[in-house]
Amino acid sequence: MVPDRSKLIFLADMESFYASVETSLNPAWRGKPVVVCGDPERRRGIVLAASKEAKAYGIKTGFLAGEYRRLCPEVILVKPRMHTYLQFSLRIMEIFRQFSDRVLPYSIDELFLDMTGCEKLFGPPQEMAREMIRRVWEETGIRCRIGIGENPLQAKMACDCFAKKSSEGIFALNHENYAFYTWPLPVSSLFGVGSRMERHFQRMAIRTIGHLARLPRESLRRRWGVNGEILWLNAHGIDYSTISPATASEEQKGVSHNMTLPRDYVKESEIKVVLLELCEEVCFRARALGKMGRTVSVYCRGADFRHSSGFLRQQRLPEPTAAAHQVYPWVLDLFFRHWDRKPLRALGIRLSSLTDCREVQLSLFDNREKTEALYRAMDLVRAKFGRTSLFRASSLTAGAQLFDRANKIGGHEA
């Protein structure tokens, strides 16, 4: 397939978004070290965002309570306000929609735009980007960086690797300059290369994106399958995906829910409670979509921040389901087969290989219709009276998180 080089794609990224929102609402904080974090006495004391002034002290996202105080005693600590951040995100999205109707949110502080053909209305790409940055700043007080490319990958690489480090906050990549600018970069800079893959590459003496790009495409595919081929394409700046109004509503492939724990968890009884609550949440979301899942995945992260630990494992279920009591035994089996009994920092569940509920064949020998009717009734009660109006007794035991997180967004105060 020949790449389409006629497209003009932007990736807009908001600088230190949560911290920038706080300084926008509190102008007296501009130029001061601001850190958005949870309760310093709990695990949620992890840094979620740091202003550039805080970053100058060495404070980074993911730091624990105490670490940032030691580096900068005068740091301004702010608890997250997720509802406020969502409102700012929506305002920013509306600004970009005035430039293009082909907008795809990538996260709360990032979005892709297809600007193909917009040059006739707004001028050259760099000029368009400057105007967007100006508008966002004047209307929200948030600084924005923009990467420009012929496809989403190039735009993402342009933003993350170059625009964020430039004074203007704008950088453009294309098929002609992609290798010149990106190949000297560490292989960890390539989109799609995580810490585990980086370790594989380091053992293979693959240090830069250029080293990876020069490997035969087929050899990467043989070793890592489709993922290996995608990394080869990324190293060459090739991406066949598109940005359109329909992109955001494409068929969902899975439903997941992850949770950062309020403290280190090591007791089996407490871990089981959280896993059950996660199963309930994931299955609730699947039912809301009218879906059942055939594959369940379990994720956990160790409590030791100095070393990478934890696992991600999946299991194919005997048949599609969106019933928590059917998913839960498989989750327990997966978890306890792979857990090393060390303290945990985070847990997560994912239900994938989704199937439309109406397409699932009924068995003559089970009570699926009764089960589905029961869960529908439970969902209706929770939708009307709140998520804590109907719950399992285990959510009243030690370690349970249902009530603590019920009125939060993303695990943080709304």
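Numbered per the working numbering, the sequence shown spans residues 1 to 414.
The C-beta atom is built at its ideal place from N, Cα and C for all residues, glycine as well.
Predicted model, so just to flag it, every value in this text is computed and none were measured.
In this structure the stretch 5-18 does not touch the stretch 26-33; the number of beta carbon pairs closer than 8 Å is below three.
Counting along the chain, the unbroken alpha helix (DSSP H) around residue 272 starts and ends at 268-288. Just measuring C-alpha positions, the residue of 292, 324, 377, 241 sitting nearest residue 354 is 292.
Under the Cβ criterion (8 Å, minimum of three pairs), the stretch 278-287 counts as touching the stretch 255-262. Counting along the chain, residue 228 sits inside the alpha helix (DSSP H) bounded by residues 217-235. In the three-state reduction of the DSSP assignment, residue 51 falls in the coil class. Counted as a single uninterrupted DSSP element, the stretch harbouring residue 259 is not any alpha helix (DSSP H) but the beta strand (DSSP E) occupying residues 254-265.
Bounds of the alpha helix (DSSP H) holding residue 160 are 152-161.
When secondary structure is reduced to three states using DSSP, residue 75 falls in the coil class, being assigned neither helix nor strand. As DSSP reads the structure, residue 114 sits in a beta bridge with 9. Taking the Cβ atoms as the reference, residue 163 lies roughly 11 Å from residue 149, outside the contact range of under 8 Å. Here the C-alpha atom of residue 198 lies approximately 29 Å from the C-alpha atom of residue 4.
A contact between stretches requires three or more CB pairs, one per stretch, nearer than 8 Å, and the stretch 55-73 fails this requirement with the stretch 85-99. Contact between residue 209 and residue 190 holds: CB atoms are separated by about 5 Å, below the 8 Å threshold. Around the beta carbon of residue 276, a 10 Å sphere encloses 16 or more other beta carbons of the protein chains shown; the residue is thus reported as buried. Counting only unbroken stretches of 4 or more residues, the alpha helix (DSSP H) elements lying wholly within the stretch 161-211 are 178-182, 195-203, in sequence order. In the DSSP annotation of this structure, the continuous segment of the beta strand (DSSP E) that includes residue 314 starts and ends at 310-321. Per DSSP, the continuous beta strand (DSSP E) segment holding residue 291 begins and ends at 291-302. With fewer than 16 other Cβ atoms from the protein chains shown falling within 10 Å of its own Cβ, residue 397 counts as exposed.
Residue environment analysis places residue 151 among the buried positions, since at least 16 neighbouring C-beta atoms fall within 10 angstroms of its C-beta.
The continuous stretches of alpha helix (DSSP H) do not include residue 57, and DSSP gives it neither H nor E. Each residue's CA atom was taken as its position, placing residue 239 and residue 7 some 11 Å apart. A straight line joining the alpha-carbon of residue 281 with that of residue 48 spans about 23 Å. Residue 300 sits close to residue 344, with the two beta carbons spaced by under 9 Å.
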